[in-house]
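Remarks on the structure that follows.
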Amino acid sequence: MRGVHTLLIIYAILLIVGLTVPGMWQPVAFLMFYVALGQAFNIFLGLTGYVDFGYVAFLALGSYGMAIAMDSLYQTGLGAAILPIGLLLAALMSIMLSLAVGAVALRLRGAYFAIATIGVNEGFRYLIEGARLWGGSEGIIITGAMRKIFGREMANFISTMVADVLVFGIGLLAALTTYVIIHKRMGYALMAIREDEDAARVMGINVTKYKIMAFITSAFFAGLIGASAWTLKMTYVFPSDVFLITYTVEAIVIVMLGGAGTLLGPVVGGITYGLLKYYLSVILPGFQLLILAPLLVAIVVAFPEGIVGYLKERVRGTRFEGYIL
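At the far end of the sequence shown sits residue 419, using the numbering used here, and the numbering has no gaps.
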């Protein structure tokens, strides 16, 4: 439990800094998006070793779930109840996609799995645009719907504060879920799969079952992040934006940077990546990516097991060992 205490302290510090230091709420919310994204993605990549390049599709479906709820139900008089309905729809849509994709793609391994997931992401995007589903390439804009439901001031408050608080909560819930999984039978099975899938199968582990469970859990949190950090925050959904594969690449970088399969890895990776990206864009606008890429490569080379993985080795056998998980 000491690792959870460290996690809660980090989250508390971020929240206190954001709420008490003038002008720091948006930078902290920016960091928390990456932390939450890393926590959600770590449940699958970190625990199974499988790289899902189509992960952004789950965020996109979650974004659409909230947008559809807002756009369709704003005249029903449900009021604030539309928010939980939107989150539920976002989660369900992401889970349904993960079930459909996982049932087929998770029977593949290595590069074949990665290629299949890229195809799903791009294929789903062009299906929406070509078939004009949910507004097609024009997307869904919910600014007006939110103002009619909540009023102008409350709608602005939801976009500037509530959405960010939800991302905090989702990230923390994903982290606690990771902790529970790691210490249950599912976690041991997933670690065995990550180390040697063939040996795990010979040992009697239902490999496909546990991979799908991790896949669905990770997709569930991705859908909630998309609904909160995109739809409620931006008040619109365009397929060209929400299906951007850059978010998947960033999730992979965050998990590997912090330490795949660890509890604190996505937190450290998300904060490190977010700080580098934010301050480099301020200090060197237009050149931030040119500087960011070699910096990340240098960090990964210096810490091949991730920053948290390196720290775990350094404190092994000491009284601090239980705090780095």
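Ideal placement from N, C-alpha and C gives every residue a C-beta, glycine not left out.
Task: Other residues of its chain near T342: CB distance less than 6 Å, five sequence neighbours each side excluded - done: F147, Y149, V150
Task: Three-state secondary structure (DSSP) of Y149 - done: coil
Open item on the list: Which of the three DSSP states is assigned to I234 in this structure?
Closed with: strand
Open item on the list: Quick check: I306 and G196, are their CB atoms within less than 9 Å of each other?
Closed with: Yes, they are a contact pair.
Task: Pick from L369, G180, G171 that is closest to G156, judged by C-alpha positions - done: G180
- [ ] Pick out whichever of G204, A194, A175 has its Cα sitting closest to the Cα of M240.
- [x] A175
Task: Bridge partners - Y330, DSSP secondary structure assignment - done: I235
Task: DSSP state of N300 mapped onto helix, strand, coil - done: The DSSP-derived three-state label of N300 is coil.
Task: Segment limits, alpha helix (DSSP H) that includes S192 - done: First-last of the alpha helix (DSSP H) with S192: 176 to 199.
Task: K242 (DSSP reduced to helix, strand or coil) - done: helix
Open item on the list: I need the DSSP call for R408, collapsed to helix, strand or coil.
Closed with: helix
Open item on the list: I'd like the span of the alpha helix (DSSP H) that includes D290, first residue to last.
Closed with: Premise fails: D290 is in no alpha helix (DSSP H) and is neither H nor E.
- [ ] List the endpoints of the continuous alpha helix (DSSP H) containing S322.
- [x] From DSSP, S322 is part of no alpha helix (DSSP H); its letter is neither H nor E.
TODO: With distances taken Cα to Cα, identify the nearest neighbour of I401 among I348, L378, A387.
DONE: I348
Open item on the list: If we require 4 or more residues per run, which alpha helix (DSSP H) segments fall completely within the segment 95 to 175?
Closed with: 96 to 114, 119 to 136, 139 to 142, 150 to 167
Open item on the list: Closest to E344 by C-alpha separation, out of L183, F135, V122, A225, would be which residue?
Closed with: F135
Open item on the list: Would V98 and L108 be called neighbours here (beta carbons separated by less than 9 Å)?
Closed with: no
Open item on the list: Taking 8 Å as the cut-off, is the C-beta of T412 nearer than that to any heavy atom in the ligand SAH?
Closed with: Ligands are entirely absent from the displayed structure, and the ligand SAH is therefore not among its contents.
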